[in-house]
Amino acid sequence: MNREELEPVEQSERFQSTGVATRREPALPSFAESLPLRLHYQVAMPEPEAHLFEVCLHVTGWQQVAGALLDLKLPVWTPGSYLVREYARHLQDFAVADDRTSTPLPWRKLSKNHWQIETQGHEGFVVRYRIYADELSVRTNHLDGTHGYFNGAALFFYIPGYERHPLQITIVPPADWHVTTPLPALPAANTFEAPDFDTLVDSPFEIGRHAIYEFEALTKPHQLAVWGDGNLEPERLIPDIQKLIQVEADLFGGLPYDRYLFLLHLSSQGFGGLEHKSSCSLIYQRFGFRSKDKYDRFIQLVAHEFFHLWNVKRIRPKALEVFDYEQENYTPSLWFSEGTTSFYDLVIPYRAGIYDLRTYLVALNRELTRFQMTPGRKVQPLSESSFDAWIKLYRSDANSPNSQMSYYLKGEMVSLLLDLLIRERHGNRRSMDDVMRQMWEQFGKPEVGFTPAQLQEVIETVAETDLTDFFERYLHSTDELPFDEYLNPFGLRLMADGGLEDGVPYLGLTLKTEQGREVVKFVEMASPARKAGVDPGDELLAMNGLRVSADQFTERLRDFQPGDRVQLSFFHQDELRSSTVTLAAPRLTRFQIVPVAQPSRSQGQNFLGWLGVPLETIRG
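My numbering applies: residue 88 is where the sequence shown begins, and numbers increase by one.
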């Protein structure tokens, strides 16, 4: 790589990287010590290259609080990632024995994630199992010769009925590895305590030789833990993170934690994040920090996950107030939990001064284009997209763009319209910020789940208008979003043009080169290609008898006019086919917000009140 490894070296008084942690947070009193039942996990990794975490659950005092049977269940999903991932499929070598005599205890498996142990006559016992961990993502487990990372839901059992019981966790790492987690440390080496199972699930662990950079924000301690090599510059990133923290804390009136951990994995192609109550896990391209566009995208990711501190971790739908780790937790409100957060992840860096208005608008235009170019917006309502996240969003296929609409993306667009609606009605004296603050006071601080009706009521209260029609049309149906109606009071309109494919006749398929084959990846519904019988997975061979490739496909189409008939040759399930298609008129492929021709004085004032600069700033 082009820069030195992130070895633990002193950067300055303000930025310090520590290797093996030599100082700990003051140990908290162990609640478990005063209770008959004690639950203590031990996680070892004697052969990291084998990708196997070795887990022991030590249970003592069970006979004093329960009966002759102990039920253990492994979660099937983790909060923040709405898909049943079947974590139990990675579990192997399950065994139980008395902790003093090592006598095996009888057990049986009752379902895919449910084990039952016969404990009669045994005061203490040890449950042993191993978890295969070779998936590097923010929602799973990964273990190799360089580090170990795990999420509680993907590694630990819970005992039904005892989810609120405190647990201790001891990590047994290789000799030169250290442990980082948001959980408070106990005096014993590499031992931590969680007050309940929810907190354990909400507290990821990073174990290895990762660099740790400590800094303060609003007088509170923060850490940036970085695994992997790349072109990240902590001395540039940390001040920007501090700015994000300041802006978001100002919005909500302070920080709801004592300390916070940013855990970053640098990989070849990864992108994503998972929010937690006092930490977040991030994964990003290792060389994605030099380019301004890529750096801005990472800053938006950080802003997004940090905003979740409030929105979804504490302000959460009623269906997620108490997690059911065994099955789907359905809610139609993820458009607000994720989509509104996406709306803010673009604007927060602008408010923080990390990038300028032009960068903000370019990013917003990119999102608008993605939305307008998704055929599924005419098929799947926003509330249904949220409800069906468990079976659709994380399981996309070749037809998904035709039939689905992301609640992240449309939720962001609806939040934009609501923000503009509130601002226009109240002369910029109110906005979605007031919605977030009221949701925080009413539901976030007491951590009481909200219903869809309560969410609508709060937005209506801030807007001081009945939004029944708005919610029915833009959340519960597939009516097109009226961008111009809400942009116009601010002197703006949504302009569509041909973009990169200006003048190119429309065929309606996406082509990609894979292992020397030109493979059709997507065919839009009702397009010329669809009518010609072309399907995703087909291998496109020729156009009018001449070989075609993905990199020259658009240029080849420029040789034709709308209405021209073109012969396509392709393999469909190894069968050679030939079909004639009639090319359609070019499609609009780029959308952007631009000023209206002659903005009025009130439009200019509204724009200035919204984004803080004169409307003339973006003219020309």
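Glycine included, C-beta positions come from ideal geometry on N, C-alpha and C. Keep in mind the model is a prediction, meaning the values are calculated, not measured.
- Taken through DSSP and simplified to helix, strand or coil, Gly235 comes out as strand.
- Under the three-state reduction of DSSP output, His297 falls in the coil class, being neither helix nor strand.
- Secondary structure remark: continuous beta strand (DSSP E) runs of at least 3 residues inside the region 307-332, in chain order: 307-314.
- Looking from the CA of Gln203, the closest CA among Leu254, Ile246 and Val668 belongs to Ile246.
- In this structure, the beta-carbon distance from Gly295 to Gly235 falls below 9 angstroms.
- One thing to note: Tyr412 has its Cβ within 9 angstroms of the Cβ of Val288.
- With the rule of 3 Cβ pairs closer than 8 angstroms, the region 187-196 does not count as touching the region 142-156.
- Ranked by Cα distance from Phe577, the first of Val606, Arg645 and Leu503 is Leu503.
- At the C-beta level, Arg401 and Phe530 come within 9 angstroms of one another.
- The C-alpha of Asp484 lies about 12 angstroms from the C-alpha of Val610.
- Pairwise C-beta distances place the region 424-443 in contact with the region 494-509, as three or more of them are shorter than 8 angstroms.
- Using a Cβ distance threshold of 9 angstroms, Ala240 and Pro166 count as a contacting pair.
- Boundaries cannot be given for Arg464, as no beta strand (DSSP E) includes it and DSSP labels it neither H nor E.
- Within the same chain, Leu124, Leu157, Thr206, His209, Glu210, Gly211 and Phe212 come within 8 angstroms of Trp149 by CB-CB distance, once the 5 residues on both sides are set aside.
- In chain order, Asp520, Met523 and Arg524 place their CB closer than 8 angstroms to the CB of Leu338, counting only its own chain and leaving out the 5 sequence neighbours on each side.
- Within the region 507-545, the complete alpha helix (DSSP H) segments of 4 residues or longer fall at 519-526, listed in chain order.
- By a beta-carbon distance limit of 8 angstroms, Ala220 does not contact His352. Their separation comes to about 13 angstroms.
- Under the DSSP assignment, Asp185 falls in the beta strand (DSSP E) whose first and last residues are Leu178 to Asp185.
- The beta carbon of Asp571 sits closer than 7 angstroms to the beta carbons of Arg580 and Leu581 from its chain, once the five residues preceding and following it are set aside; these are given in chain order.
- For Thr278, DSSP records a beta bridge to Thr257.
- In the displayed model, Asp484 falls within coil according to three-state DSSP, outside both helix and strand.
- The region 659-668 and the region 618-628 touch, with no fewer than 3 CB-CB distances between them shorter than 8 angstroms.
- As DSSP reads the structure, Lys400 sits in no beta bridge.
- Bounds of the beta strand (DSSP E) holding Tyr347 are Tyr347 to Ser354.
- By the neighbour-count criterion, in which 16 or more other beta carbons inside 10 Å mark a residue as buried, Lys160 falls on the buried side.
- In terms of Cα proximity to Asp432, the closest of Leu698, Glu626 and Glu335 is Glu335.
- Taking a C-beta distance under 9 angstroms as the contact criterion, Lys307 and Asp345 qualify as a contact pair.
- Rounded to the nearest whole angstrom, the C-alpha separation of His391 and Thr555 is 28 angstroms.
- Inside the region 593-634, DSSP marks whole beta strand (DSSP E) runs of 3 or more residues at positions 596-601, 604-610 and 626-630, from first to last along the chain.
- Along the region 678-703, the alpha helix (DSSP H) occurs as fully enclosed runs of 4 or more residues at 688-698, listed in sequence order.
- Rounded to whole angstroms, Gly340 and Pro261 show a C-alpha spacing of 42 angstroms.
- For the pair Pro291 and Ser368, the CB atoms are nearer than the 9 angstroms cut-off.
- When the five nearest sequence neighbours on each side are left out, the beta carbons in the same chain lying within less than 8 angstroms of the beta carbon of Gly590 are those of Arg645 and Pro673, in order along the chain.
- Beta-carbon to beta-carbon, Lys330 and Gly536 are separated by about 31 angstroms, too far to satisfy the 8 angstroms threshold.
- For Ile435, the enclosing alpha helix (DSSP H) has its first and last residue at Thr428 to Arg438.
- At a Cβ-Cβ threshold of 9 angstroms, Glu547 and Trp477 do not count as neighbours.
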